[in-house]
Amino acid sequence: MKTYIVALVVFAVGVLNPAAPAWSVDKVTDATLVKRQTALVPKLTELVADAGGFPPAKVVISVAPHQISIAVAIKKGKETAADREIQAAQMSSAVENEIAGKDEFGQVMVIHVNYVERHGKSAPLIQGYDFFKSPEGAFVLHKT
7 MKTYIVALVV
17 FAVGVLNPAA
27 PAWSVDKVTD
37 ATLVKRQTAL
47 VPKLTELVAD
57 AGGFPPAKVV
67 ISVAPHQISI
77 AVAIKKGKET
87 AADREIQAAQ
97 MSSAVENEIA
107 GKDEFGQVMV
117 IHVNYVERHG
127 KSAPLIQGYD
137 FFKSPEGAFV
147 LHKT
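In my numbering, the protein residues as written are 7 to 150.
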């Protein structure tokens, strides 16, 4: 009976051990991915600032394994919502063109654009836009 239990345990460990990484989040891989993405942030900041017509100091970009966030500091009431939507689409397109085909950005599914009054933790949000990756690979504005 003991050999049966030992054989069963050895079999279970052998079968379940390779599947264990698939059940957990691979934080090491995500950290490496973000590190590789971060190297391109200065160039993305420049491209986004040019596409939106903002000084680079007004643009902050942060990256995550599945999302790129763009924060643009503007004065409230200076532009209309339609103007901001057009600018957000232009900035998203600039990012899309730059990250296309780059492995470190292959898992990015969302480009998020926030217009804020100022940068920082207590920055009041003016307006936000989400661009989701379509099956064709283009980032499309999500409208609700």
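Even for Gly, the Cβ is constructed at its ideal location relative to N, Cα and C.
* Asked: Is the region 38-52 close to the region 79-90, with three or more CB pairs under 8 Å?
  -> no
* To do: Take the Cβ of L50 as the centre, count every other Cβ of all protein chains shown within 10 Å, and call the residue buried at 16 or more, exposed below.
  => By 1-based counting over the sequence shown, the position of residue 50 is 44. So L50 counts as buried.
* Assigned exposure category for P71 - 16 Cβ within 10 Å defines buried -> Here residue 71 refers to the residue found at position 65 when the sequence shown is read from its first residue. With 16 or more Cβ atoms within 10 Å of its Cβ, P71 is classed as buried.
* Asked: Are the CB atoms of Y135 and S75 nearer to each other than 9 Å?
  -> Position 129 of the sequence shown, counted from the start, is the residue given in the question as residue 135. Position 69 of the sequence shown, counted from the start, is the residue given in the question as residue 75. No. Outside cutoff.
* **Rounded straight-line distance, which links the Cα of G126 to that of I117** => Mapped onto the sequence shown, residue 117 falls at position 111. Mapped onto the sequence shown, residue 126 falls at position 120. Rounded to the nearest angstrom, the two C-alpha atoms are 19 Å apart.
* **Where V101 sits in the DSSP three-state scheme** => Taking the first residue of the sequence shown as position 1, residue 101 is located at position 95. It is helical.
* Asked: Helix or strand or just coil, what does DSSP make of F137?
  -> Along the sequence shown, read from residue 1 onward, the residue named residue 137 stands at position 131. In this structure, F137 counts as strand in the three-state DSSP scheme.
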